[in-house]
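Numbering (our numbering), first residue to last: 861 to 1046.
Glycine included, each C-beta is placed from N, C-alpha and C at the ideal position.
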Amino acid sequence: MKGVYILDIEDYAWNKHEQELREQNEFRYSESKIKIIDNVELRNKIEDNLENLPQKSVAKWALKVATPILEYLDSHLKNDVRVELGVEALEKRINGSINAYELRKIGFIVNELAKESKTEISKYAARSFAQAIATGHMRGHAMVSSDYAIKVVNHLTSNSPEASTKERRRQLEIFDNLNEKSYEIK
C-alpha cells in the first residue's frame, strides 16, 4: 500500500450499521468467532490493514484469501456453478452493478456449498468462500473468511502453529498485491 488518502465513510463501509460503528468507536481488534490455532499478532496486522481500506478493497482481499482454499472442497463441489456465481456477484457488487440485497440472495445460495459438504475441511473451505462473498454486504465478514481459511489449515496440519503463521503471512502478502492506497477515514 502506498500513500495515505482520505476516505469517505460511505466508501469505508457500504452498510449504515458499520458506518455508525466506525464513527462512534475507536478501532478494537476482534476475536475469532470460531475456534482456531492462530498467530494472533499476524491476525491483528491483517485487521489493521483492513481497517484502512475501502470496502471494495476489503472484498477484493477476502476473495483472494478464500479462492485458493476452494481446492479443499469435496470433489462433487469443486466445479460447482455456485462458485462462479459467487465470484461474479461480488465483482458486480464491487463495481456497483448490483445492490446488497441481490448479493445477499446469491450469498445464501453460495452458502449451500458448506451444507452439502461431506467432509469438515470442505465445509470450512466453503464457509471461507461464502464469508468472502458476504464482504460485499458487510466488511466484517472479511476476517471471518480469513479465520475459516486458518481453520482449513488447522485441519490439514493437525493444528500446526507454524502452518497457521504461514497462512497468515500469505494473507498479508495479498495486501501488497492489491496495489491499493492506504486511507484515513474523514
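Inset, instruction - Confirm, please, whether the CB-CB distance from V970 to V943 is below 9 Å. - result: Within the sequence shown, residue 943 is the residue found at index 83, counting from 1. Within the sequence shown, residue 970 is the residue found at index 110, counting from 1. In contact: V943 and V970 (Cβ atoms closer than 9 Å).
Legend entry - Simplified DSSP state of T927, which is helix, strand or coil: Counting from one through the sequence shown, the residue named residue 927 turns up at place 67. In the structure shown, T927 sits in a helix (DSSP, three-state: H, G or I).
Legend entry - L937 to Q884 span [Cα, whole Å]: Looking up residue 937 in the sequence shown gives position 77. Looking up residue 884 in the sequence shown gives position 24. Their backbone Cα atoms lie some 42 Å apart in a straight line.
Inset, instruction - Check whether the Cβ atoms of V1013 and E1027 lie closer than 9 Å to each other. - result: Within the sequence shown, the letter at position 153 stands for residue 1013. Within the sequence shown, the letter at position 167 stands for residue 1027. Cβ atoms of V1013 and E1027: closer than 9 Å.
Legend entry - Burial state of G996, where buried means 16 or more other Cβ atoms lie within 10 Å: By 1-based counting over the sequence shown, the position of residue 996 is 136. Its Cβ being crowded by 16 or more others within 10 Å, G996 is buried.
Legend entry - DSSP-derived helix/strand/coil call for E878: Walking along the sequence shown from the start, residue 878 turns up at place 18. Helix at E878.
Legend entry - Pairwise C-alpha distance: L913 and I906: Taking the sequence shown and counting its residues from 1, one reaches residue 906 at position 46. Taking the sequence shown and counting its residues from 1, one reaches residue 913 at position 53. Between I906 and L913, the C-alpha separation is close to 11 Å.
Legend entry - Distance, Y984 Cα to K1046 Cα: Position 186 of the sequence shown holds residue 1046. Position 124 of the sequence shown holds residue 984. Because K1046 sits at a pLDDT of 44, beneath the cut-off of 50, its placement in the model cannot be relied upon, and the following sentence gives the value as read from the coordinates. Computed Cα separation, rounded: 37 Å.
Inset, instruction - With a 10 Å radius around its C-beta and 16 neighbouring C-beta atoms as the bar for buried, classify N939 as buried or exposed. - result: Indexing the sequence shown from 1 puts residue 939 at position 79. Answer is exposed; the Cβ neighbour count stays below 16.
Inset, instruction - Within 10 angstroms of the Cβ of N908, are there 16 or more other Cβ atoms? Answer buried if so, exposed if not. - result: To locate residue 908, count along the sequence shown from 1; it is residue 48. Looking at the sequence itself, residue 908 is Asp, so the reference to Asn does not match. Result: exposed.
Inset, instruction - State the start and end residues of the unbroken alpha helix (DSSP H) segment that holds A960. - result: Counting from one through the sequence shown, the residue named residue 960 turns up at place 100. Segment 960-975, the alpha helix (DSSP H) holding A960.
Inset, instruction - Pick out whichever of W874, A974, F989, E931 has its Cα sitting closest to the Cα of K916. - result: Within the sequence shown, the letter at position 56 stands for residue 916. For the residues W874, A974, F989, E931, the minimum Cα distance to K916 belongs to W874.
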